[in-house]
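Below: one structure, written as structure tokens.
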Amino acid sequence: MVQFLQQLINGLSIGSVYALMAVGYSLVYSIMNFSNFAHGGVIMLGAYFGFFGLTLLKLPFAVAFLLASFGTLLVAIFVERIAYKPLRERKAPFLYFIISAMGASILLENLVIATIGPTFRTYPEVFPKTPIELGPLAIGRLDLIIFVISAVSLSFLIFFIDKTKLGKAIQAASYNVKACALMGVNTDKVILTVFGLGGFLAGIAGVFFGMKYTVYPQIGNITTKSFIAAVFGGLGSLPGAVLGSVLLGIIETFVAGYLSSQFRDLIAFVILIAVLVLRPTGIMGKVTEDKA
Amino acid sequence: MAAILQIRDLTKQFGGLTAVDAVSFGVPEGGIVGLIGPNGAGKTTIFNLITGIYKPTSGSIEYRSKSIVGLQPFRIADMGITRTFQNIRLFKNLSVFDNVLTACHLSANYSFAEAILRLPRFRAQEKRLMAKAEELLSIMNLLDYRDLIANNLPYGLQRRLEIVRALALDPSLLLLDEPAAGMNPDETEQLMRLIVRIRDDFGLSVLVIEHHMDLIMGVCEHIVVLNFGEKIAEGSADEVSKNAQVIEAYLGTSEEAADA
Amino acid sequence: MDWTYIQGILMLAGINLIAVLGLSLLTGFTGLFSFGHAGFMAIGAYVGAWISASPTSTPAGMGLPFILAIVGGGAAAGVVSYFIGRISLNLKGDYFCIATLGFGEAIRLIFNNVNRFGGARGWPGVPSNSTFLTILIADVVAVLFLANLVKSRHGRNMIAVREEELAAQIAGIDVFRSKMTSLVISAVYAGVAGVFFAHYMTFIQPKMFSLTKSTELTIIVIFGGLGSISGSVLGALVLTALPEILRAFEIWRLVFYGAAVILIMVSRPKGLMGGLELTPSGIRKWTAERNALRQAKATLLAEDSGRKED
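In structure tokens form, the structure reads like this:
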């Protein structure tokens, strides 16, 4: 029982990191109907920004943290301007967006390899490694912070989408961008906001990932799993992305714990295939139909 | 005359919306039937049901007295029912000739291997397909445009090409979805004569959805009127045009007519 | 710059070309994008290695002739693709993409974990059977097969599926079957390419068949121009040779690659050939189209001015 709960806690911890990454995918998908594969690269940069903020610039954690997130916000918007906006303007089919996103992802990953170098970096210890004891259970301090900050950021995001004017514009755009524009909504601003939000959260996720594991240029590959989590929860749905991520984190941890760690990465793909076969729109995704 | 197509109590529901409500009518063999009604009356939905794109919620569709409900669209096309689309769905990036040639594929049955190895059977049948495509284009006066990319055809000719493509499948029943949309009175008249000629020369039956009343009244031997998914009238052009319900559906009550 | 060096580049380009041609059928002619074809290459490579590697090497193979490796590797990839197709071909556009991505990565992960095939460390000691001549012959066969397929009713049906799937169905085309045929053939091509690859490098590792490799293949197809065989040939040559020549700038190679991808998508997504062929009939077709367009414009203008005079 104790082991079960412990695994649950571990699963929640990694799940909350996935959730921060996954909402970025869902946000962009909900408006622009394509999977932004460059998101992984942005997350990776977040890890690096935070790392250099702490080690090179010797900033206090909170400052480095925020700086990294604003950095990734800018990168995300930059990628949108360069790689997607021109395609939007010429009404390119969504698959071209995916290819462009792949290009951006390859570009970012290898830019880091070429400039900073491929060696793994380790974050300096910011929080003491001694876990908080809750009876027989051990909760890492870092894990607790990750969980809390994730929960707060995601709640804020969902509040923003639900209650603010700009948030409602984003919701409207997620159903029909053209109609939105005709209603006088500045769709360019909406798109920028969406990428900015996703980018900001990517930064947070990147820093946390770097702190929990290590920093290396191929972090983008791990984010494929968060993408699967977004599909699992339903592409285009934010609560879905969170739900899918938490579930994936928990399932992964249990599989690694009770079966074998070799299957850890594979289980994500098994889930993906199961989702696509049984219910492609995921747990909470939106269903669209084409008029014949 | 036997009915080539018979629909009975056909119903289609999308969630809470009933798009087609217990509609029944038939298309006599060799006849031209019109399907009219205000926008949203369910006409295109019926086309989609007949061609197998949608599955009916209930009711029957019989083609030559055999049920075609549940069949895949390509099988239904193979059996002899083809259609055109309201918002023209040509193979836009292909040439006019290729659009028709592609649709001729049912007239050939060479195998994969014969195609790859360019065996004699392949060559002979390909030649026949090309000749067929040319002939169809020539009959419909589109041969001069054969190398033009379909997307570059003038609108009216695009509609005509879609009809040619449908004819390439050797259909027995042709479904035309608003073929006169966007045409001026001259073009509409040309189209009317074309439809009758096609029916006569190719020995088809035709079911037409249209809003252009002159085409419907001028060409259709029998008319079915829909409104809000239900059939509200059926009969000859004369009968239907005098039907009070039909008039109300189109022109509204006297108050709305005053505004129109 | 000696002949062996150039030969090496050409051989690598020739190997890539086989995979690219297969993918061209799926993406360029049938309109389905895949991010998992490196997975089919991997299947071909590993099955091929297993068939031809000597029973005394580690990992051990069956020591059978090269031709059996080619057939076996290609067939294995084809069979796997059939099952993947059954599951994923009914999905809408971008979900199909995601499925192929998932399968491609899953295949790589499986090979990473199967120690019988060398696991993550890979399979060294694959016999060096890929010669310049065999690759050249394979390329010629691959191109002819594809060219003949495309100019037949089967090929035209695939193109129709790419253009307007709904209209294709109404035109009596079994869309699912066309897509499946296209997928299986593309997988067989990728598998065969994988076999040649394994027997050229004499060493294979799962990470050689990554998402990046799958993306590279798709990018070459787009670069050459969707729907153009000659485009794919040119694309494979240029995009394989260029990075090799730039190997001095190895570290920056992929950086420029990524930037180039974005640039292509943003400025000329139609690719090099834009759907046309560099053959006599292809050129004839292109001139015929241009003439037809010019004539049509002239006729319209004449009609217009005629009407104005009324």
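Those sequence lines, one after another, are chains E, R and Y. Residues -12 to 279 in our numbering are what the first sequence spells out, letter by letter. Residues 355 to 614 in our numbering are what the second sequence spells out, letter by letter. Residues 61 to 370 in our numbering are what the third sequence spells out, letter by letter. For glycine and all other residues, C-beta sits at the position ideal for the given N, C-alpha and C. Note that the structure is predicted; figures quoted are calculated from it, not measured.
Those residues which DSSP pairs with residue i across a bridge
i, result
"R/T344", "Beyond the ends of chain R as shown, which are 355 and 614, falls residue 344 of chain R; an answer cannot be given."
"R/L580", "R/K585"
"Y/P184", "Y/F263"
"R/L561", "R/V387, R/L529"
"R/S421", "R/E416"
"Y/V80", "According to DSSP, Y/V80 bridges with nothing at all."
"E/V202", "E/R108"
Chain E residues whose Cβ lies nearer than 8 Å to that of residue i
i, result
"Y/Y106", "Within 8 Å Cβ-Cβ: nothing; Y/Y106 doesn't reach chain E, min ~17 Å."
"Y/E165", "T211, F256"
Span of the alpha helix (DSSP H) around residue i
i, result
"R/D592", "591 to 596"
"Y/Y155", "153 to 173"
"Y/S117", "Careful: Y/S117 lies outside any alpha helix (DSSP H) and carries neither H nor E."
"E/F195", "174 to 199"
"R/E541", "539 to 556"
"Y/S190", "Unbroken run through Y/S190: none, as it is neither H nor E."
"Y/D234", "Unbroken run through Y/D234: none, as it is neither H nor E."
"R/N402", "397 to 404"
"E/S232", "225 to 241"
"E/L60", "48 to 66"
"E/L246", "No alpha helix (DSSP H) contains E/L246, which DSSP labels as neither H nor E."
"E/Q158", "152 to 162"
Residue i, enclosing beta strand (DSSP E) - first and last residue
i, result
"R/R362", "357 to 368"
"R/D375", "371 to 382"
"Y/L224", "The question names Leu, but residue 224 of chain Y in the sequence shown is Glu. It is not in any beta strand (DSSP E) - Y/E224 carries neither H nor E in the DSSP assignment."
"E/G(-2)", "Segment -11 to 19 is the alpha helix (DSSP H) holding E/G(-2); no beta strand (DSSP E) there."
"R/I415", "412 to 417"
Backbone CA spacing between residue i and residue j [nearest angstrom]
i, j, result
"E/M271", "E/V262", "12 Å"
"E/T211", "R/L497", "52 Å"
"Y/K357", "E/G231", "55 Å"
"Y/S112", "Y/P266", "18 Å"
"R/G388", "Y/T359", "34 Å"
"E/G190", "E/N23", "16 Å"
"E/D277", "Y/K152", "Its pLDDT being 47, under 50, E/D277 is placed unreliably by the model, and the measurement read from it follows with that caveat. The straight-line gap from Cα to Cα measures roughly 11 Å."
"R/A612", "Y/I233", "Since pLDDT at R/A612 reaches only 49, below the 50 mark, its modelled position is unreliable, and the value read off the structure follows with that caveat. The alpha-carbon atoms of R/A612 and Y/I233 are separated by roughly 50 Å."
"R/G438", "R/K446", "Inspection of the sequence shows that residue 438 of chain R is occupied by Thr rather than by Gly. For R/T438 and R/K446, the distance between alpha carbons rounds to 14 Å."
"R/K397", "R/L529", "11 Å"
"R/R547", "Y/R354", "30 Å"
"E/G220", "E/P226", "8 Å"
"E/N(-3)", "E/A6", "14 Å"
"Y/G68", "Y/E165", "28 Å"
"Y/T90", "R/L460", "19 Å"
"E/V172", "Y/L323", "30 Å"
"Y/L23", "E/V66", "With chain Y represented from 61 up to 370, any question about residue 23 of chain Y goes unanswered, as that position is not in the structure."
"Y/R350", "R/D452", "16 Å"
"R/I552", "Y/S246", "42 Å"
"R/R362", "R/G380", "8 Å"
"E/S247", "E/Q(-10)", "15 Å"
"E/F38", "E/S56", "12 Å"
"Y/S148", "Y/H214", "21 Å"
"E/V264", "Y/L77", "32 Å"
"R/L569", "R/G583", "22 Å"
"R/R477", "Y/F283", "33 Å"
"E/E120", "E/A166", "54 Å"
Where residue i meets chain E, residues with beta-carbon distance less than 7 Å
i, result
"Y/L314", "I93, N97"
"Y/N173", "Q249"
Contacts of residue i in chain R (Cβ-Cβ under 8 Å)
i, result
"Y/V235", "F428"
"Y/E349", "S449, D501, L502, I503"
"Y/N217", "T456, H459"
Chain Y residues whose Cβ lies nearer than 7 Å to that of residue i
i, result
"E/P73", "V326"
"E/V218", "I158"
"R/L460", "G232"
Where residue i meets chain Y, residues with beta-carbon distance less than 8 Å
i, result
"E/P204", "In chain order: nothing, as chain Y lies at least about 11 Å away."
"R/D432", "G232"
Chain-ordered chain Y contacts of residue i [CB-CB under 9 Å]
i, result
"R/I404", "Here the premise fails: no neighbours, minimum Cβ distance about 11 Å."
Task: Segments assigned beta strand (DSSP E), at least 3 residues, entirely inside the stretch 100 to 138 of chain E - done: The stretch 100 to 138 of chain E contains, as complete beta strand (DSSP E) runs of 3+ residues, the segments 119 to 121, 124 to 126 (chain order).
TODO: Identify every run of the beta strand (DSSP E) within the stretch 450 to 520 of chain R, keeping only runs that are complete inside it and at least 3 residues long; order them along the chain.
DONE: Taking only runs of at least 3 residues, no beta strand (DSSP E) segment lies wholly in the stretch 450 to 520 of chain R.
Task: Start-end ranges of the alpha helix (DSSP H) lying completely within the stretch 240 to 284 of chain Y, minimum 4 residues - done: Counting whole runs of 4 or more residues, the stretch 240 to 284 of chain Y contains the alpha helix (DSSP H) stretches 271 to 284.
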